[in-house]
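Visitor: Take this structure, written in structure tokens, and hold onto it; I'll ask about it next.
There are 2 protein chains.
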Amino acid sequence: MASEIRQNKATKQWVIFAPGRGKRPSDFRRPPSGKDPIPDHDPGCPFCPGNEGMLPSITLETAGLNDSWQTRVVPNKFPALSQDGASDRYRRGLYLAMNGYGVHEVVIESPVHNRNLAQMEPGEVELVVETYHRRYVELMNQHGNMMTLIFRNHGWQAGTSLVHPHSQIIVTGMVPAHIRWREEQAQRYFDESGRCVYCDILEFEARDRGRVIAENESFLSFVPFAAEVPFEMWIIPTRHQACFSNLTDREKSGLASILKFCLARLHHKLGDPDFNYIINTAARYKAHEPQLHWYLQIRPRLTTEAGFEIGSGIKINPSLPEEDAAFLRGD
Amino acid sequence: MASEIRQNKATKQWVIFAPGRGKRPSDFRRPPSGKDPIPDHDPGCPFCPGNEGMLPSITLETAGLNDSWQTRVVPNKFPALSQDGASDRYRRGLYLAMNGYGVHEVVIESPVHNRNLAQMEPGEVELVVETYHRRYVELMNQHGNMMTLIFRNHGWQAGTSLVHPHSQIIVTGMVPAHIRWREEQAQRYFDESGRCVYCDILEFEARDRGRVIAENESFLSFVPFAAEVPFEMWIIPTRHQACFSNLTDREKSGLASILKFCLARLHHKLGDPDFNYIINTAARYKAHEPQLHWYLQIRPRLTTEAGFEIGSGIKINPSLPEEDAAFLRGD
Chain A
1 MASEIRQNKA TKQWVIFAPG RGKRPSDFRR PPSGKDPIPD HDPGCPFCPG NEGMLPSITL
61 ETAGLNDSWQ TRVVPNKFPA LSQDGASDRY RRGLYLAMNG YGVHEVVIES PVHNRNLAQM
121 EPGEVELVVE TYHRRYVELM NQHGNMMTLI FRNHGWQAGT SLVHPHSQII VTGMVPAHIR
181 WREEQAQRYF DESGRCVYCD ILEFEARDRG RVIAENESFL SFVPFAAEVP FEMWIIPTRH
241 QACFSNLTDR EKSGLASILK FCLARLHHKL GDPDFNYIIN TAARYKAHEP QLHWYLQIRP
301 RLTTEAGFEI GSGIKINPSL PEEDAAFLRG D
Chain B
1001 MASEIRQNKA TKQWVIFAPG RGKRPSDFRR PPSGKDPIPD HDPGCPFCPG NEGMLPSITL
1061 ETAGLNDSWQ TRVVPNKFPA LSQDGASDRY RRGLYLAMNG YGVHEVVIES PVHNRNLAQM
1121 EPGEVELVVE TYHRRYVELM NQHGNMMTLI FRNHGWQAGT SLVHPHSQII VTGMVPAHIR
1181 WREEQAQRYF DESGRCVYCD ILEFEARDRG RVIAENESFL SFVPFAAEVP FEMWIIPTRH
1241 QACFSNLTDR EKSGLASILK FCLARLHHKL GDPDFNYIIN TAARYKAHEP QLHWYLQIRP
1301 RLTTEAGFEI GSGIKINPSL PEEDAAFLRG D
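See the structure below:
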């Protein structure tokens, strides 16, 4: 069945209904019973070399060192959204709904089944960033694509359904309330102060030092002042830019090296915890606005959201950002 | 250490930092290794009769059938918030923060260690509802308490740290962005249509029938059109009322019976899944507004939020509300 997107009449939030997703591979859905070593090749894995017959098609490929592929982009075999049908909204009785219009892709980060970003060479991570960027630019050039979200789920508690290192890209045909809210708050700040709130945060953190994890000539990484979860990290470009598409080649290399550094710290200091990361970037039509600034957000999955968090939207973080940062830096 | 509440400068969302919460009992924090039968009394449980010495104090008690207590309200031993100190906001460099002002209480729902709401007699559930209501009215009469959230975490995946049947009450000294957003959307709807959006939803669902689970003279329960998770249920009073404090005695009994029915359906049809429920009610100063309408929301924890949900705020629900409702009704 095709998916449908429905609007919550009371809050105007959209929900994607994707019954086909029930059929996803579930090899990693249950808590892993101990940490068995993962092999570097799995004959049953659709993302491993030699198993191309299990892929719907290959959208993009980048070459590695020895002429073989290094990263690949493929359509998600169990997509939450697809470009069949229009993105028009329609009435369902009292409610508003729309077709499940969108794009759902997988970025295979390496041909090696057990090679994670934290363990890759800088050049390999750079190819992952390059792949993200090429798909982002291409997808945002297509009419009707309103928002492109690049994200990574690592480990069972972070929602992974396949072990092989991969990220995902989802494009939607609308801008959700969550992102509108963030954009509106940045707009208000800009209207009051004439400044990008993210640039102000960046400058404050770079001066304050207490929450900084790492920096290079293009990026700063830090634990945010109001981190929602223990060891949350932001990686933010020091040059003001609303949209991920603005990334220069030099910045791609800076992003790869700081991302690898932060993930390696997480991996070694916390014993390879489950995590998500997300590239938070401007929605279409906001890509050139002076008040927005993209950033990559890493969220380890060490706590459980309970009723209070769901009902109030307030997170309870048992960990202090300054202490988390000192721990990750290794002070 | 006392807790602090910090504001995210970019989104204006508040986060509670509660380092003391690290010391909580964690007997249920790991996935239970199979379903061992739970005894009806546990000598190590602070909520069981005879262990009152383990409680900080007892705030409220209701009497059961045979002169013993049936429900109790006690302070949370590891509170996320407390009423020590003021609720004033202060500057922390670029940022805004406030003391961890608030209230954090536990509602012990029964003296019996293994007796859940789904298994209780209607009169017992009614005493739980009565206890909620008495605390709600009392807490919202205290100056400085801006929002009272009553919620229940059932099972490990829902964030429970103790097995003994209990709910929690958290009061905050501010109204979070999440709730302001919901109230603003209701205000807009009212300004455009002159109607309470929740009354419109209620009437539509009662007529449509497709998503209805149960009803009685005071309440309707249904799977919402844009349910965020499989088997989400709303229980909403049919009489328009913004605030949970408005509940009449007759309605308390109606709420108890439909709540028990819905939880029993979940328990029997889905094999006692983990869930949260939350009473979504008006913040202080909104308690008498014509556009708001409180409701109880039940959210089973059968799916995992991944990077897309975190980054976009859009949920992906693999299950259709109409099918979920039919399954719960037993069609």
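Chain order of the listed sequences is A and B.
Sequential numbering of the first sequence, starting at 1, is according to our numbering.
Sequential numbering of the second sequence, starting at 1001, is according to our numbering.
C-beta: ideal position from N, C-alpha, C; glycine also.
1. Mapping DSSP to helix, strand and coil, what is A/Y277?
2. Less than 8 Å between CB atoms is the rule here; does A/R6 satisfy it with respect to chain B?
3. Among the candidates B/N1276, B/D1208, B/E1184, B/A1287, whose CA atom is the shortest distance from the CA of B/H1166?
4. Using a beta-carbon distance below 8 Å, is B/N1276 in contact with chain A?
5. With respect to the beta strand (DSSP E) encompassing A/K315, which residues constitute its N-terminal and C-terminal limits?
6. From the DSSP output, in three-state form, read off A/Q13 for me.
7. Show which residues of chain B have a CB atom less than 8 Å away from the CB atom of A/S312.
8. Compute the Euclidean distance between the alpha carbons of A/S26 and A/L162, then round it to the nearest angstrom.
9. Of the residues that make up the segment 219-236 of chain A, which ones have a beta carbon closer than 8 Å to any beta carbon in chain B?
10. Kindly indicate the opening and closing residues of the beta strand (DSSP E) around A/R91.
11. Does DSSP classify B/S1257 as helix, strand or coil?
12. How long is the line joining the alpha carbons of B/I1058 and B/E1105, rounded to whole angstroms?
13. Which class does B/G1155 belong to by DSSP, given the choice of helix, strand or coil?
14. If you run the structure through DSSP and keep just helix, strand and coil, what is A/M146?
15. Determine the burial state of A/A63: buried for a count of at least 16 other Cβ atoms within 10 Å of its Cβ, exposed for fewer.
16. Closer than 8 Å, CB to CB, is A/V106 near chain B or not?
17. Taking the alpha-carbon of B/L1065 as reference, which of B/K1012, B/P1122, B/N1116 has the nearest alpha-carbon?
18. Closest to B/H1154 by C-alpha separation, out of B/A1326, B/P1273, B/G1311, would be which residue?
19. Once DSSP output is grouped into helix, strand and coil, what is the label at B/G1050?
20. Measure from the C-beta of A/I298 to each C-beta in chain B and report whether the shortest distance is under 8 Å.
21. Name the DSSP bridge partner or partners of B/Y1101?
22. Using the C-alpha atoms, what's the distance from B/K1269 back to B/A1298?
23. DSSP puts B/M1233 in a beta bridge; with which residues?
24. Counting pairs of Cβ atoms below 8 Å between the segment 1309-1318 of chain B and the segment 177-189 of chain A, do you hit three or more?
25. Verify whether the separation of the beta carbon atoms of B/V1073 and B/T1131 is less than 8 Å.
26. Kindly identify the DSSP beta-bridge partner or partners of A/Q168.
27. Give the secondary structure of B/Q1070 by DSSP, where H, G and I count as helix, E and B as strand, and everything else as coil.
28. Report all residues from its chain with a CB closer than 6 Å to the CB of A/I279; omit the five preceding and five following residues, and keep chain order.
29. Can you list, in chain order, the residues of its chain whose CB lies under 7 Å from that of A/L202, leaving out five sequence neighbours each side?
30. Could you say if the segment 1002-1021 of chain B and the segment 1189-1199 of chain B meet the contact criterion of at least three C-beta pairs nearer than 8 Å?
31. Leaving aside the five residues before and after A/S257 along the sequence, list all residues of the same chain whose C-beta is less than 7 Å from its C-beta, in chain order.
32. Can you round the beta-carbon distance between A/L320 and B/P1079 to whole angstroms, since I take them to be within the 8 Å contact cut?
33. May I ask you to list, following chain order, the residues of the segment 1197-1210 of chain B that have a beta carbon less than 7 Å from some beta carbon of chain A?
34. Could you say which of B/A1226, B/L1117, B/F1327 lies nearest to B/V1107 if we only look at CA atoms?
35. Would you mind telling me which residues of chain A sit closer than 9 Å to B/V1129, beta carbon to beta carbon, in chain order?
36. Within 8 Å (strictly less), CB to CB, does A/G144 reach chain B?
Guide: Short version:
1. The count along the first sequence starts at 1 and reaches residue 277 of chain A at position 277. If DSSP states are grouped into helix, strand and coil, A/Y277 belongs with the strands.
2. For the purposes of this step, residue 6 of chain A is taken as the residue at position 6 of the first sequence. Yes, its Cβ sits closer than 8 Å to a Cβ of chain B.
3. As a working note, residue 1166 of chain B is residue 166 in the second sequence. Comparing Cα positions, the closest option is B/N1276.
4. Position 276 of the second sequence, counting from 1, holds the residue named residue 1276 of chain B. So, interface residue.
5. Stepping through the first sequence from its first residue, residue 315 of chain A is reached at position 315. Residues 315-317.
6. Residue numbering aside, residue 13 of chain A sits at position 13 when the first sequence is read from its first letter. Here A/Q13 sits in coil by DSSP.
7. As a first step, residue 312 of chain A is located in the first sequence; it is residue number 312 there, counting from the start. Correct list: M1147, L1149, I1170, T1172, P1176, H1178, I1179.
8. For this step, residue 26 of chain A is matched to residue 26 along the first sequence. For this step, residue 162 of chain A is matched to residue 162 along the first sequence. The pLDDT assigned to A/S26 is 43, lower than 50, so where the model puts this residue is not dependable; a value taken from the coordinates is nonetheless given after this. Going by the C-alpha atoms only, they are around 7 Å apart.
9. P224, F225, A226, A227, E228
10. In the first sequence, residue 91 of chain A corresponds to position 91, counting from 1. Taken as a continuous stretch (DSSP letters only), the beta strand (DSSP E) holding A/R91 covers 89-92.
11. Here residue 1257 of chain B refers to the residue found at position 257 of the second sequence. Three-state DSSP puts B/S1257 in a helix.
12. Position 58 of the second sequence, counted from the start, is the residue given in the question as residue 1058 of chain B. Position 105 of the second sequence, counted from the start, is the residue given in the question as residue 1105 of chain B. C-alpha separation (whole angstroms): 10 Å.
13. Here residue 1155 of chain B refers to the residue found at position 155 when the second sequence is read from its first residue. B/G1155: coil per DSSP, three-state reduction.
14. Here residue 146 of chain A refers to the residue found at position 146 when the first sequence is read from its first residue. It is coil, neither helix nor strand.
15. One-based indexing of the first sequence puts residue 63 of chain A at position 63. Counting Cβ neighbours within 10 Å, A/A63 comes out exposed, since fewer than 16 surround it.
16. For the purposes of this step, residue 106 of chain A is taken as residue 106 along the first sequence, with counting starting at 1. So, not an interface residue.
17. As a first step, residue 1065 of chain B must be located in the second sequence, where it is residue number 65. Nearest C-alpha to B/L1065: B/P1122.
18. For the purposes of this step, residue 1154 of chain B is taken as the residue at position 154 of the second sequence. Among B/A1326, B/P1273, B/G1311, the Cα nearest to that of B/H1154 belongs to B/P1273.
19. Indexing the second sequence from 1 puts residue 1050 of chain B at position 50. Three-state result, B/G1050: coil.
20. Within the first sequence, residue 298 of chain A is the residue found at index 298, counting from 1. Not one chain B Cβ lies under 8 Å of A/I298.
21. The residue labelled residue 1101 of chain B in the question sits at position 101 within the second sequence. Paired residues: B/S1082.
22. Sequence index remark: in the second sequence, residue 1298 of chain B carries index 298 (1-based). Sequence index remark: in the second sequence, residue 1269 of chain B carries index 269 (1-based). For clarity, residue 1298 of chain B is Ile in the given sequence; the question names Ala instead. Going by the C-alpha atoms only, they are around 15 Å apart.
23. Taking the first residue of the second sequence as position 1, residue 1233 of chain B is located at position 233. Partner(s): B/I1298.
24. yes
25. Locating residue 1073 of chain B in the second sequence gives position 73, where the first residue counts as 1. Locating residue 1131 of chain B in the second sequence gives position 131, where the first residue counts as 1. In contact: B/V1073 and B/T1131 (Cβ atoms closer than 8 Å).
26. Position 168 of the first sequence, counted from the start, is the residue given in the question as residue 168 of chain A. A/Q168 is bridged to A/V106, A/F151.
27. The residue you call residue 1070 of chain B lines up with position 70 of the second sequence. Residue state, collapsed to three classes: strand.
28. Within the first sequence, numbered from 1, the residue matching residue 279 of chain A stands at position 279. Cβ within range, chain order: I150, F244, L296.
29. Mapped onto the first sequence, residue 202 of chain A falls at position 202. Hits under 7 Å: L220, I236, T238.
30. no
31. As a position in the first sequence, residue 257 of chain A is number 257, starting the count at 1. Cβ within range, chain order: P122, N216.
32. Translated into positions along the first sequence, residue 320 of chain A becomes position 320. Translated into positions along the second sequence, residue 1079 of chain B becomes position 79. 17 Å between Cβ atoms; not a contact.
33. V1197, Y1198, D1200, I1201, F1204, D1208
34. For this step, residue 1107 of chain B is matched to residue 107 along the second sequence. For the residues B/A1226, B/L1117, B/F1327, the minimum Cα distance to B/V1107 belongs to B/L1117.
35. For the purposes of this step, residue 1129 of chain B is taken as residue 129 along the second sequence, with counting starting at 1. Under the 9 Å cutoff, chain A gives no residues; its nearest Cβ is about 16 Å from B/V1129.
36. Locating residue 144 of chain A in the first sequence gives position 144, where the first residue counts as 1. No - not a single Cβ of chain B is within 8 Å of the one on A/G144.
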